[in-house]
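> In this note's numbering, the protein residues as written are 9 to 104.
Pasting a structure here, questions to come.
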């Protein structure tokens with residue numbers, strides 16, 4: 009029994025045949041979950057966070073500024089992400 013797959017264009021393809029365009033389109037459409045998006049935004053802001061700390065800005069003021077810009081974190085959440093970013097820097101970045 010041969011079963012068919014239907015690609016995003018609605019075209020039926022044999023089960024073991026992959027429509028590369030549909031596969032790429034499906035993967036490109038994927039979005040990270042909310043937690044990962046928050047982490048990605050924090051990572052992008054991290055150099056500025058470090059610079060603010062060097063200027064003597066308190067963590068609570070940084071957290072407030074992040075919240076005002078749409079990145080809402082508790083102090084504990086801030087510290088957890090901060091520690092994670094410091095760890096990534098120590099390991100040579102997020103990807104190794």
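We put the beta carbon where it would ideally sit given N, CA and C, even for glycine.
Can you tell me which of the three DSSP states residue 65 falls into?
Counted from its first residue, the chain shown places residue 65 at position 57. Residue 65: coil per DSSP, three-state reduction.
> In angstroms with no decimal places, state the Cα-to-Cα distance between residue 57 and residue 42.
Working through the chain shown from its first residue, we reach residue 57 at position 49. Working through the chain shown from its first residue, we reach residue 42 at position 34. Looking at the two C-alpha atoms, the distance is approximately 21 angstroms.
> Can you name, in chain order, every residue of its own chain whose Cβ lies under 6 angstroms from the Cβ of residue 54, other than the five neighbours on each side?
Taking the chain shown and counting its residues from 1, the one referred to as residue 54 is at position 46. Cβ neighbours of residue 54 beyond the five flanking positions: 93.
> Helix, strand or coil: which one does DSSP assign to residue 25?
To locate residue 25, count along the chain shown from 1; it is residue 17. Reduced to three states, the DSSP call for residue 25 is coil.
> With H, G and I counted as helix, E and B as strand and the rest as coil, what does DSSP make of residue 40?
Position 32 of the chain shown, counted from the first residue, corresponds to residue 40. Note: residue 40 maps to coil in three-state DSSP.
> Is it right to say residue 74 is buried, meaning 16 or more other beta carbons lie within 10 angstroms of its own, or is it exposed?
For the purposes of this step, residue 74 is taken as residue 66 along the chain shown, with counting starting at 1. Per the 10 Å Cβ criterion, buried.
> Quick check on residue 95: does DSSP put it in helix, strand or coil?
Taking the first residue of the chain shown as 1, we reach residue 95 at position 87. Three-state DSSP puts residue 95 in a helix.
> Between the C-alpha atoms of residue 87 and residue 69, what's the straight-line distance to the nearest angstrom?
Sequence index remark: in the chain shown, residue 87 carries index 79 (1-based). Sequence index remark: in the chain shown, residue 69 carries index 61 (1-based). Looking at the two C-alpha atoms, the distance is approximately 13 angstroms.
> Please state whether DSSP places residue 56 in a helix, a strand or coil.
Here residue 56 refers to the residue found at position 48 when the chain shown is read from its first residue. The answer is helix: DSSP assigns residue 56 an H, G or I state.
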